[in-house]
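Per the numbering used here, the sequence shown starts with residue 1, numbered consecutively. Notes for the one structure printed next.
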Amino acid sequence: MQAELREQIEFALDAIRPYLEADGGNVRIVELTDDMVLKIEMTGSCSSCPMSSMTLKAGVEEAIKRAIPKIVRVEAVNLTVA
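The structure is reproduced here in structure tokens:
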């Protein structure tokens, strides 16, 4: 992943991290695929929270796609999204 793109992703994640951290969780970049799918890991209490899939879609993915429109999707590698 390009350093500049990684910085943009981290900047977008930093905007929502305080909300995740307030509930004892966080998020970590795993990889950005060639087809622009960002894979992340939900950590702390976010990894086991029943609301994590909603947080992923409404919070994390929304913030990332707003900041970097060329990212088509955000997936959590450690969540099972029903």
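Even glycine gets a Cβ: it sits at the ideal position worked out from N, Cα and C. In this text the structure is predicted, and so the values were computed from the model without any measurement.
- Take V30, set aside five residues on each side of it, and the residues of its chain with a beta-carbon closer than 7 Å to its own are K39, I40, E41 and V77, in chain order.
- Separation of the CB atoms of A63 and A15 is rounded to 6 Å, and the pair is thereby assigned contact status at 8 Å.
- The C-beta distance from S53 to L79 rounds to 6 Å, short enough to fall under 8 Å.
- Around the beta carbon of V72, fewer than 16 other beta carbons lie within 10 angstroms, which makes this residue exposed.
- Between S45 and G24, the gap from beta carbon to beta carbon is short of 8 Å.
- Pairing E61 with R28, the inter-Cα distance amounts to about 13 Å.
- According to DSSP, K65 shares a beta bridge with no other residue.
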